[in-house]
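Here the sequence shown is numbered in this note's numbering, starting from 191 and rising by one per residue.
Beta carbons are placed, not taken as given, at the ideal position from N, Cα and C, and that holds for glycine.
Inspection log for the structure reproduced underneath, given as structure tokens.
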Amino acid sequence: MMVIDRHSSEITSNFFHKKRRDEIFRRIQAIRAARFVCPQQTPTFSKSKTMSFCRQLLLRSLRFTADETRPASIYSLSRPFAFSSFEEAAAERRRRKRLLRIEPPTRRDPPASRPPRNPNAPRLPDSTSSLVGPRLSLHNRVQTLIRSGDLDAASAQARHAVFSSIRPTVFTCNAVMSAMLRACRFDDVFALFHFFFSQQNIIPNIVSYNIQISAHCDAGDVDAALAVYRRVLTTAPFPASIFTYRYLVKGLVDSGRISEAVSLLREMLNRGHSSDSLVYNTVIAGFIDIGDMDKAIELFDELREHCPIYDGVVHATLMEGYWKQGMDKKAMDCYQSLLDRQFRMTPATCNVLLETLLKHDKLIEADKLFDHMLDEHKPPVFMGLNLETYKIMTNHFLQQERFAEAIEVFRRTGVKPLPKNVAAYNHIIQHLCENGMQTDAVNLFDEMLSQAIEPDAATYTCFADAFSNGSKFEVALMFLDKIANGGEAALTSAVTFCNKIFNGFVKAGCMGQAMQLFTKVAQSGIKLDAASYEILITGLCKETDLDNARTLFEEMLTRGMLSSVELQSCVLDKFRKAGRNTEIESLLAAASQASSAQRLPGDEAPTPISTQTIAGGKLPWANLQGSV
Numbered sequence: 191m192m193v194i195d196r197h198s199s200e201i202t203s204n205f206f207h208k209k210r211r212d213e214i215f216r217r218i219q220a221i222r223a224a225r226f227v228c229p230q231q232t233p234t235f236s237k238s239k240t241m242s243f244c245r246q247l248l249l250r251s252l253r254f255t256a257d258e259t260r261p262a263s264i265y266s267l268s269r270p271f272a273f274s275s276f277e278e279a280a281a282e283r284r285r286r287k288r289l290l291r292i293e294p295p296t297r298r299d300p301p302a303s304r305p306p307r308n309p310n311a312p313r314l315p316d317s318t319s320s321l322v323g324p325r326l327s328l329h330n331r332v333q334t335l336i337r338s339g340d341l342d343a344a345s346a347q348a349r350h351a352v353f354s355s356i357r358p359t360v361f362t363c364n365a366v367m368s369a370m371l372r373a374c375r376f377d378d379v380f381a382l383f384h385f386f387f388s389q390q391n392i393i394p395n396i397v398s399y400n401i402q403i404s405a406h407c408d409a410g411d412v413d414a415a416l417a418v419y420r421r422v423l424t425t426a427p428f429p430a431s432i433f434t435y436r437y438l439v440k441g442l443v444d445s446g447r448i449s450e451a452v453s454l455l456r457e458m459l460n461r462g463h464s465s466d467s468l469v470y471n472t473v474i475a476g477f478i479d480i481g482d483m484d485k486a487i488e489l490f491d492e493l494r495e496h497c498p499i500y501d502g503v504v505h506a507t508l509m510e511g512y513w514k515q516g517m518d519k520k521a522m523d524c525y526q527s528l529l530d531r532q533f534r535m536t537p538a539t540c541n542v543l544l545e546t547l548l549k550h551d552k553l554i555e556a557d558k559l560f561d562h563m564l565d566e567h568k569p570p571v572f573m574g575l576n577l578e579t580y581k582i583m584t585n586h587f588l589q590q591e592r593f594a595e596a597i598e599v600f601r602r603t604g605v606k607p608l609p610k611n612v613a614a615y616n617h618i619i620q621h622l623c624e625n626g627m628q629t630d631a632v633n634l635f636d637e638m639l640s641q642a643i644e645p646d647a648a649t650y651t652c653f654a655d656a657f658s659n660g661s662k663f664e665v666a667l668m669f670l671d672k673i674a675n676g677g678e679a680a681l682t683s684a685v686t687f688c689n690k691i692f693n694g695f696v697k698a699g700c701m702g703q704a705m706q707l708f709t710k711v712a713q714s715g716i717k718l719d720a721a722s723y724e725i726l727i728t729g730l731c732k733e734t735d736l737d738n739a740r741t742l743f744e745e746m747l748t749r750g751m752l753s754s755v756e757l758q759s760c761v762l763d764k765f766r767k768a769g770r771n772t773e774i775e776s777l778l779a780a781a782s783q784a785s786s787a788q789r790l791p792g793d794e795a796p797t798p799i800s801t802q803t804i805a806g807g808k809l810p811w812a813n814l815q816g817s818v
């Protein structure tokens, strides 16, 4: 940036003075020219008078310029071309920005008052914009519990939040009900719907009603589902969705009411919904089941005429119908006609085709279709398969006890592998454990950990059931080491895992292995609960190993755990027969004195665990837990 000198303003002023003088001289020359053009009208001036006139005119102009106070902006550039420093230039830029700002109004008009809300207008359900802040955090906590398989804790957290300042949204309520529906706990679905939407006045959306309708249909009560559908049409501020008709039509077909299913299909079309291939597929499958193939083909032709987007799922149903009638060639021709269309089929369509082909031992075609799905899977552009695809393929080999091929298919991937979750691993681990292949199951467990997939309670339950019969004891000890090194979440599940193994060893009469496992657990840092001690002490008393039983019973009381009345009576009975009942009585007396010394004066004595009750009866002794 060029910097001008400090006399720049003076130079600029002199420049304008010079221009003023030039203008004066031009006017004088114009007067002289006019005199020569019109000599008869112009007075005669002598040379001296002319010079005197010019001098006076010039002095007058200069005097007027000096006396007149003019703004400085006339004599200086309105926008300087340079500054003496970068700071000065920055200050000038800030000044110009301040001048360009819009000044706030000195007086603001009062806002227009909102129109009063109509009290008779129906309340609308929550929108997705309400799922923010603390309500979103609550929703995420509930979803985490659902993914871990602890549905009771998820339901309790959502229900307790209703009475707090952070009320759950309808999306959180739907998530809990959907989890109960997937677990086939239909009574819990109905109870939660009544609690959230009837008692606590949370506004349900169409997904809430669809969950209730699906639960009624799965429970076999289609009339109740239809009643919910009629209530949606009459009272809800939104129409029924296409999923509503899918659930209802499936329920009607499963209950053998095919004519009502067709009527509901026509009602769906009359209410403005487009032709849905899944609804048609359900009705077509119903006609195939009753042997009316002509009506099924008629509905298929109607679907092809009106359906704007066809996904190919009905072809699998027609193939099944042809196979039922023994027409293998027609079934494969139908499958080939679908492939000739050469359009990208969704995973849902391919999964149905896979299941149909495998069911009728078309393994070569199914394997080609599976490889095609792996090649087409290129997320996020296109999802060619999902976890259900792997489940269908592995189930075919697991049912035939071809476990090596099942594991090979489970590990097969395409260009972009599909991430697997804990449920996919649990499915194949369960089959391996049930068939005595604990070593392969442990290898899959290691693979799951290497992919940062956290095992859940179902994973440990599979291994506990496999190791509880006393077989593969070394593998069980190795697996226990993996649990001990798995962090807090694994240690929480390790107690349940150990209790199931202890119980299995006691029932099988393998007390030696049970005590070895107990020693291993104590060394690994896993803190057992009262149920663990009761299982082992009961088993030792049955084996008349009173010394180890007394040691464990004393350790249990020393750690502050409350023993049940059943355990005390069992131990006293065994030691009384051996003439050593005083040892147990002294231990119980010492434990009672220690607990009394720890209580403050006026505190009530704790109720024995064996007498505590819950809704429906007493607590089972295997679930007793004392403070560790």
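With distance defined between alpha-carbon atoms, name the residue in the options nearest to residue i.
i, options, result
"Tyr500", "Arg531, Gln402, Glu488", "Arg531"
"Ala351", "His329, Ser338, Phe663", "His329"
"Ala417", "Asn395, Leu382, Pro427, Asn400", "Asn400"
"Tyr615", "Ser714, Ala642, Lys606, His562", "Ala642"
"Gly694", "Leu314, Phe663, Leu718", "Phe663"
"Leu736", "Leu382, Phe353, Asp523, Asp763", "Asp763"
"Glu637", "Gln620, Leu341, Lys610, Pro537", "Lys610"
"Gly769", "Thr709, Tyr525, Tyr580, Thr734", "Thr734"
"Val332", "Ala311, Tyr580, Arg357", "Arg357"
"Ile396", "Gly323, Ser431, Leu547, Lys514", "Ser431"
"Cys623", "Tyr650, Leu508, Glu756", "Tyr650"
"Met563", "Glu756, Phe428, Leu544", "Leu544"
"Phe743", "Leu777, Asp482, Asp411, Glu756", "Leu777"
Work out the CA separation of residue j and residue i for me, nearest whole Å.
i, j, result
"Ala373", "Val366", "11 Å"
"Ser275", "Arg284", "15 Å"
"Asp557", "Pro570", "24 Å"
"Val599", "Leu371", "30 Å"
"Cys363", "Ala348", "7 Å"
"Leu718", "Leu321", "40 Å"
"His567", "Met573", "5 Å"
Note the first and the last residue of the continuous alpha helix (DSSP H) segment covering residue i.
i, result
"Leu289", "276-290"
"Ala720", "720-732"
"Met517", "No alpha helix (DSSP H) holds Met517; DSSP gives it neither H nor E."
"Glu591", "Run containing Glu591: none; DSSP gives neither H nor E here."
"Cys497", "Per DSSP, Cys497 belongs to no alpha helix (DSSP H) and is neither H nor E."
"Asp371", "For clarity, residue 371 is Leu in the given sequence; the question names Asp instead. It spans 360-372 - the alpha helix (DSSP H) in which Leu371 sits, taken as one unbroken run."
"Phe380", "376-383"
"Lys549", "537-549"
"Cys700", "No alpha helix (DSSP H) holds Cys700; DSSP gives it neither H nor E."
"Leu575", "Note, Leu575: premise wrong, no alpha helix (DSSP H); not H, not E."
"Asp763", "755-767"
Measure the Cβ-Cβ separation of residue i and residue j and say whether it is below 8 Å.
i, j, result
"Ser464", "Pro498", "yes"
"Leu588", "Ala596", "yes"
"Ala684", "Gly339", "no"
"Ile480", "Ile448", "yes"
"Leu577", "Cys540", "no"
"Lys864", "His617", "Not covered by the structure: residue 864. The range shown for the chain is 191 to 818."
"Val504", "Ile474", "yes"
"Leu730", "Asn738", "yes"
"Ala704", "Phe687", "no"
Classify residue i as buried or exposed, calling it buried when 16 or more other Cβ atoms lie within 10 Å of its own Cβ.
i, result
"His384", "exposed"
"Gln628", "buried"
"Leu670", "buried"
"Gln402", "buried"
"Cys228", "At Cys228, the pLDDT of 45 sits below 50, so the modelled position is not reliable; the number obtained from the coordinates is stated separately. Classification for Cys228: exposed."
"His345", "Looking at the sequence itself, residue 345 is Ser, so the reference to His does not match. Classification of Ser345: buried, given that the 10 Å Cβ count is 16 or more."
"Leu438", "buried"
"Met751", "buried"
"Glu495", "exposed"
"Ile554", "exposed"
"Ser404", "buried"
"Gln219", "exposed"
"Glu510", "buried"
"Glu724", "buried"
"Pro645", "buried"
"Pro301", "exposed"
"Gly476", "buried"
"Arg601", "exposed"
Quick one: is residue i near chain D, going by C-beta distance under 8 Å?
i, result
"Glu488", "Here chain D cannot be found, since the structure has a single protein chain."
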